[in-house]
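Numbering (full-length UniProt numbering), first residue to last: 1 to 467.
Cβ atoms here follow ideal geometry from the backbone N, Cα and C, with glycine treated the same way.
These numbers were taken from a predicted model, which means no experiment stands behind them.
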Amino acid sequence: MAARRLKVEDAESYGTSDMKVDRHWTEKTLDEMTERDWRIFREDFNISYKGSKIPPPMRSWDESRLSTELLKGVERAGYKKPSPIQMAAIPLGLQQRDVIGIAGTGSGKTAAFILPMLNYISRLPPTSEENEAEGPYAVVMAPSHELAQQIEVETVKFAHYLGIRVVLVVGGRPIEEQALSIRQGCEVVIATPGRLIDCIERRYAVLNQCNYVVLDEADRMIDMGFGPQIMAVMDAMPSSNIKPANEELDEKKIYRTTYMFSATMPPAVERLARKYLRNPVVVNIGTAGKATDLISQHVMMMKESEKFSMLQRLLDDLADRTAMVFVNTKNNADTVAKNLDKNGYLVTTLHGGKSQEQRGVSLEGFRTRKYNVLVATDVVGRGIDIPDMAHVINYDMPSNIDCTHTVLVELAVLGRQDTEVFYDLKQMLIQSNCPVPLELAKHEASKSKPGTIPDRPPRRNDPVFIH
């Protein structure tokens, strides 16, 4: 009885909110969430942060604090639940924080930067005859025409609810037409860095009132040599709106907000971030550079002469014979496609040797299943969105293991000449809980990174006698 009375007294000494501490975060209101709940929430969705004064992630769209118009757009777009990168990045964007998002293609990152960007622009006066000559309010840069077009489609999907105008600026189209669209007034420009800097240098466009910048697939843009163009575009914006380094912001002033998304963070991307971002919050979904657990990956090792016949067998084993095949050069893309065509496959190619119009036709034909095999170079193919695309084959091994493609099944056909990537490939397979081929596991090149100095053998401890 004494123990029971003590239990009751203990219960009465705590508030009712303390008695609910054992409930899972899914059963709690936003106000009831404790720091422990948020920690569990982040662990559940594999979200990690680096930075200061970080707002909690959003658990649902209703808790996002987006405008009513944007939430209607989200609902009509069929977005039921936010993805982890959206949960983490959107609250930061709504606070106009600079953000580095480590998340790959297929993670929902496009909406993660589009929605806070449009929410910000909706609070500004629409561009008019008085200020349209000063340029757009926001710029989004992407490495390829295809990715830029996909971002444009996604942006327009939500922008039309707010009356926000979007202009696409990419190569392969008359630059004069794009310049005219900018001059007629727009709030958002989505561009490849090369074409955008062309417009700026020819004085077709200015960025005098641009206060929102997104660099999508920053690592890829750097790999493709767009670093100087990105910096030239950033330097064309007013420096007066850059946030101070001490985090003490004037609430009456409009500062530049910069979003950077990257699948990896190589040194060149880090240098870019240090130069243009101020006190950024790093949002990491999963492990940087680690393949998503949704991908089942398989590696096959063989002679170069055996690769094409293996490719045929792999395609024939697929129920619909549908796959994306990645190669390293446009010449090889044409060769592989020609050989597949001879063997009865409906095949098309996607590479830098094609015009923008030809690439669009190929991509649309593959999306609509006019073709069941798309042979693409990684430079062009990375980041494109193919609904229900379940199989990718790396016919040529990428030059580095950061070149990943987000699909359900990825298979690499590995030649013995690809030894420089053996170590990184083996580590990636291990981290992703995917099988490591025995030949790869035992290969000398998979035991250490290229250039690593091997450990010296231990000194002999037995005594040496001199006669």
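Reduced DSSP category for residue i - H, G, I as helix; E, B as strand; rest coil
i       : result
Tyr-45  : In the sequence as displayed, the identity of residue 45 is Phe instead of Tyr. Phe-45: coil per DSSP, three-state reduction.
Val-21  : The predicted model places Val-21 with a pLDDT of 48, which falls under 50 and marks its position as unreliable, so this point remains unresolved.
His-351 : coil
Ala-291 : With a pLDDT of 48 at Ala-291, under the threshold of 50, the modelled position of that residue is not reliable, and no figure is offered here.
Ile-197 : helix
Ile-85  : helix
Gly-185 : coil
Gln-297 : strand
Tyr-276 : helix
Lys-7   : The predicted position of Lys-7 is uncertain, since its pLDDT is 45 and thus under 50; a value taken from the coordinates is nonetheless stated next. The answer is helix: DSSP assigns Lys-7 an H, G or I state.
Thr-26  : helix
Gly-101 : strand
Met-58  : coil
Ile-190 : strand
Val-327 : strand
Val-269 : helix
Leu-180 : helix
Met-234 : helix
Leu-207 : coil
Leu-168 : strand
Buried versus exposed call for residue i [16 or more other C-beta atoms within 10 Å across all chains shown]
i           : result
Asp-235     : exposed
Gly-135     : buried
Ser-128     : exposed
Gly-225     : exposed
Glu-217     : buried
residue 471 : In the structure displayed, the chain extends from 1 to 467; residue 471 sits before or after that span and is not available.
His-351     : buried
Glu-130     : exposed
Asn-331     : exposed
His-391     : buried
Gly-194     : buried
Asn-343     : exposed
Ser-52      : exposed
Gly-73      : buried
Tyr-208     : Checking the sequence, you will find Asn at residue 208 rather than Tyr. Asn-208 should be labelled exposed.
Arg-274     : exposed
Arg-416     : Caution is warranted here: a pLDDT of 47 is assigned to Arg-416, below 50, making its placement in the model unreliable, and no coordinate value can be reported.
Glu-35      : exposed
Pro-143     : buried
Integer-rounded CB distance, given that residue j should sit under 8 Å from residue i
i       : j       : result
Leu-66  : Leu-115 : 6 Å
Ala-191 : Val-169 : 4 Å
Ile-222 : Ala-263 : Their Cβ separation, rounded to whole angstroms, is 12 Å, which puts Ile-222 and Ala-263 out of contact at 8 Å.
Val-140 : Ile-197 : Their Cβ separation, rounded to whole angstroms, is 15 Å, which puts Val-140 and Ile-197 out of contact at 8 Å.
Gly-171 : His-145 : 7 Å
Asp-378 : Asn-328 : 7 Å
Leu-70  : Leu-118 : 6 Å
Leu-374 : Met-324 : 5 Å
Pro-266 : Asp-219 : 6 Å
Run of the alpha helix (DSSP H) containing residue i, from where it starts to where it stops
i       : result
Asn-119 : 109-121
Ala-333 : 330-342
Leu-147 : 145-159
Tyr-395 : Segment: none, Tyr-395 is in no alpha helix (DSSP H) and carries neither H nor E.
Phe-308 : 307-317
Gly-365 : 356-367
Val-74  : 68-76
CB contact below 8 Å: residue i versus chain D
i      : result
Glu-32 : In the structure shown, chain D cannot be found, because there is only a single protein chain.
First and last residue of the uninterrupted beta strand (DSSP E) at residue i
i       : result
Ser-262 : 257-262
Phe-226 : Run containing Phe-226: none; DSSP gives neither H nor E here.
Tyr-212 : 212-215
Ile-285 : 281-285
Leu-124 : Careful: Leu-124 lies outside any beta strand (DSSP E) and carries neither H nor E.
Ala-376 : 373-377
Met-33  : Neither: Met-33 is in no beta strand (DSSP E) and is coded neither H nor E.
Leu-162 : Looking at the DSSP string, Leu-162 is not in any beta strand (DSSP E), and its letter there is neither H nor E.
Glu-138 : With the sequence shown as reference, residue 138 is identified as Ala, and Glu is not the correct amino acid for it. Note, Ala-138: beta strand (DSSP E), 138-141.
Contact check, residue i vs residue j, beta carbons under 8 Å
i       : j       : result
Ile-164 : Val-282 : no
Leu-311 : Tyr-395 : yes
Cys-199 : Ile-230 : no
Val-156 : Val-166 : yes
Thr-348 : Gly-365 : yes
Ala-138 : Val-99  : no
Ile-242 : Asn-46  : no
Ala-112 : Ala-89  : yes
Val-214 : Tyr-259 : yes
Met-58  : Pro-82  : yes
Gln-96  : Tyr-120 : yes
Arg-367 : Ile-386 : yes
Pro-56  : Pro-91  : yes
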